[in-house]
Amino acid sequence: MSAGLNSERDVNPSQPTTEKTLADFDPVKKPKRNKFAFACAILASVASILLGYDIGVMSGAKDYIQIDLKLSDVEVGLLVGTLNWYSLVGSAAAGVTSDWIGRRYTIVVAGAIFFAGALLMGFSTNYAFLMVARFVAGIGVGFALMIAPVYTTEVSPASTRGFLTSFPEVFINVGILLGYVSNYAFSKLPTNLGWRIMLGVGAIPSVFLALVVIGMPESPRWLVMQGRLGDARKVLDKTSDTKEESQQRLSEIKEAAGIPQDCNDDVVRVQKKCHGEGVWKELFIHPTRPVRHILLCGIGIHFFQQVSGIDAVVLYSTNIFEKAGITSSNDKLLATVAVGFTKTVFILVATFLLDRIGRRPLLLSSVGGMVLSLATLGFGLTIIDHSNEKLPWAIALSIAMVLAFVAFFSIGMGPIAWVYSSEIFPLRLRAQGTGMGVAMNRVTSGVISTTFIMLYKAISIGGAFFLFAGFATVAWVFFFTCFPETRGRTLEDMEVLFGNFISWRSALKDGKKEEEVHGGNDG
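Here the sequence shown is numbered in full-length UniProt numbering, starting from 1 and rising by one per residue.
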């Protein structure tokens, strides 16, 4: 045996022999997270605090507003829910604005508009004034909702895109928690002053947002679309894990933008249509099969995220806890803080799982848990509603299921809706496609949050949550059949995955076989 080995070495004496050490058998170390991309994602995601704070603070402030301004349940529903309708204007405008002035300055616009809206809400003297202020704040929220995930997606390397793109949802939850804390902190003030301070304090994150933009680079994809290859190259070098990845990302973006690969000047002329021209036609009038599949997934995930009732739980948590048997205002506000804390903790857990186990397994597990918790919550509230005496076990079960529902939502459905929809659209359609997803999100949320009080009075509080459980069940089937896994794919590679709808698995297998055949032939 040893002689045979020696003879082999004698045959090729020019090849050096290397002795392996224990270090050679260590697992390959993963590259460290790109700190610059991490910082950019955090700064951009601060914009999402605006929506989160408004959702959280209105959960408690609406009760004091109703008492102070003597509003009916319908007026309260409109006050709470119409911000989502107003945000549609902001989302639609943000898609065009971000293509025109860039992703970075669109974030500044979002902060400035919400700042004005928060101040107007704080100084509102009557219901009409307050509704106008909600309109202004809603436009700012729409801008922030659309631009934060787009910017974060475009600066993130493929290895950590799921982790970084989940940051907007993390900051929405941080904002919700801050809103709940604000409710509790100012609840002891006189009624006519407390709710105004709760809403006015929302201007503070807007000021911070305008300041942090100074330290952010522009999106490399937007820079390429403007022909600024030199600036894009600098940003990509800072936000990529390796120099090779930076070059590959630039090459893929140039291809998507229609720039020849041999064109390497710092500034080039890009032949393009007017901003937004032809995009809507490609999305809705003459979409290709992959674009149709992408649009279905991008809009569908936002529809099901909201129709499962998350905003009803977050916005009307005090009403739900009251129906569950908690009568003290102080205890109800503390219970809402527990909801906000649970959401924030589990969304943080989700950020570390997105790029490790993938979008699809996490999404299906999350929605399955939501179905179970919603059905059990409906059961507990129905028992309480039909009982003439206090049932501690049913009260405890209902509270536990509210917390379980927001936990299951936050660990999958919450962040993945934003991650998935912002990464699957091709570059030429990304701003408008993501804007359509946000529009669907806000329309559905507006319907749910505006009508929830009327809904549970019509079919009972338990019946409302059985309905949400039914929607979540349909969502699980939809995701299982139509959603391919996108983990580790480059943004410019997404169209390969889509176009076969429910038969995407077989198409993916055929693609892999072709790659293996070509790879074997090349070998």
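We put the beta carbon where it would ideally sit given N, CA and C, even for glycine.
Quick caveat, the model's predicted, so the values are computed rather than measured.
Checklist line | Chain-order list of residues whose beta-carbon lies under 8 Å from that of PHE465 (same chain, five-residue window excluded) | finding: GLY309, LEU374, ALA375, LEU377, GLY378 and LEU381
Next item on the list: Report the three-state DSSP secondary structure of CYS263 (helix, strand or coil).
Entry: coil
Check: Below 8 Å, can you find three or more Cβ-Cβ pairs linking the stretch 164–179 to the stretch 342–350?
Finding: yes
Notebook entry, point to check: Under three-state DSSP, which class holds VAL438?
Noted result: helix
Margin query: So, for THR125: in the same chain, excluding its five sequence neighbours on each side, which residues have a beta-carbon less than 6 Å away from its beta-carbon?
Written below: none
Item checked: ILE65 (DSSP reduced to helix, strand or coil) -> helix
Check: Buried or exposed: GLN15, going by 16 or more other Cβ atoms within 10 Å of its Cβ?
Finding: In this prediction, GLN15 has a pLDDT of 48, which is less than 50 and means its spatial position is unreliable; nothing more can be read from the coordinates.
Note to self: Taking its Cβ as the centre, do 16 or more other Cβ atoms sit within 10 Å of HIS386, making it buried, or is it exposed?
What the structure shows: exposed
Check: Which residues in the same chain as TRP195 place their Cβ atom closer than 7 Å to its Cβ, once the five residues preceding and following it in sequence are excluded?
Finding: ALA61, TYR64, ILE65 and ASP68
Note to self: Judging by CA-CA distance, which residue of LEU229, THR106 and PHE304 is the nearest neighbour of VAL367?
What the structure shows: PHE304
Item checked: ILE214 - containing alpha helix (DSSP H), residue span -> Where ILE214 is concerned, there is no enclosing alpha helix (DSSP H), given that its DSSP letter is neither H nor E.
Checklist line | Buried versus exposed, by CB contacts within 10 Å (16 or more), ALA128 | finding: exposed
Checklist line | Minimum length 4: unbroken alpha helix (DSSP H) runs contained in the stretch 101–165 | finding: 103–122, 127–155 and 161–165
Next item on the list: Spatial neighbours of SER449 within its chain, please: CB distance less than 6 Å, with the 5 preceding and 5 following residues excluded, ordered by chain position.
Entry: VAL80, GLY81, ASP311 and LEU315
Next item on the list: Report the three-state DSSP secondary structure of LEU391 (helix, strand or coil).
Entry: coil
Margin query: I'd like the list of long-range same chain contacts for GLU322, defined as Cβ closer than 8 Å, with 5 residues on each side in sequence excluded.
Written below: LYS332
Item checked: Spatially closest choice to PHE409 from ALA469, GLU423 and VAL447, by CA coordinates -> ALA469
Checklist line | PRO168, DSSP secondary structure in three states | finding: helix
Check: Per DSSP, what kind of secondary structure is THR288 in: helix, strand or coil?
Finding: coil
Check: Do GLU485 and ARG356 have their C-beta atoms closer together than 8 Å?
Finding: no
Notebook entry, point to check: Under a Cβ-count criterion, where at least 16 other Cβ atoms within 10 Å of its own Cβ denotes burial, should LEU22 be classed as buried or exposed?
Noted result: Residue confidence is low: LEU22 scores 47 on pLDDT, short of 50, so the model does not pin down where it sits. Its coordinate-derived value is still stated next. With fewer than 16 Cβ atoms within 10 Å of its Cβ, LEU22 is classed as exposed.
Check: Since TYR420 is in the alpha helix (DSSP H), which residue starts that stretch and which ends it?
Finding: 414–424
Next item on the list: Decide if TRP393 is buried, meaning its Cβ has at least 16 other Cβ atoms within 10 Å, or exposed.
Entry: exposed
Next item on the list: Please state if the CB of THR106 and the CB of ALA116 are separated by a distance shorter than 8 Å.
Entry: no
Check: To which residues of the same chain is VAL419 closer than 6 Å at the C-beta, ignoring the five residues directly before and after it?
Finding: GLY162, THR165 and SER166
Item checked: Burial state of ASN183, where buried means 16 or more other Cβ atoms lie within 10 Å -> buried
Margin query: Once the 5 residues before and after LEU119 are set aside, which same chain residues still bring their CB inside 7 Å of it?
Written below: GLY200 and ALA203
Item checked: DSSP state of VAL46 mapped onto helix, strand, coil -> helix
Check: Excluding the five sequence neighbours on either side, which residues of its own chain have a C-beta within less than 8 Å of the C-beta of CYS297, listed in chain order?
Finding: TYR420, SER421, ILE424, CYS482, PHE483 and PHE498
Notebook entry, point to check: Does DSSP put GLU322 in a helix, a strand or coil?
Noted result: helix
Notebook entry, point to check: Quick check: the stretch 435–448 against the stretch 184–192, are there 3 or more CB pairs under 8 Å?
Noted result: no
Next item on the list: State the DSSP-derived secondary structure class of LEU348, mapped to helix, strand or coil.
Entry: helix
Notebook entry, point to check: What span of residues does the alpha helix (DSSP H) with GLU252 cover, start to end?
Noted result: 243–257
Next item on the list: Could you spell out where the alpha helix (DSSP H) holding TYR361 opens and where it closes?
Entry: It should be noted that the sequence gives Pro, not Tyr, for residue 361. Run containing PRO361: 359–385, per the alpha helix (DSSP H) assignment.
Next item on the list: Could you tell me how far apart the beta carbons of ILE147 and ALA47 are, in whole angstroms, since I believe they sit closer than 8 Å?
Entry: 7 Å
Margin query: According to DSSP, is VAL270 part of a helix, a strand, or is it coil?
Written below: coil
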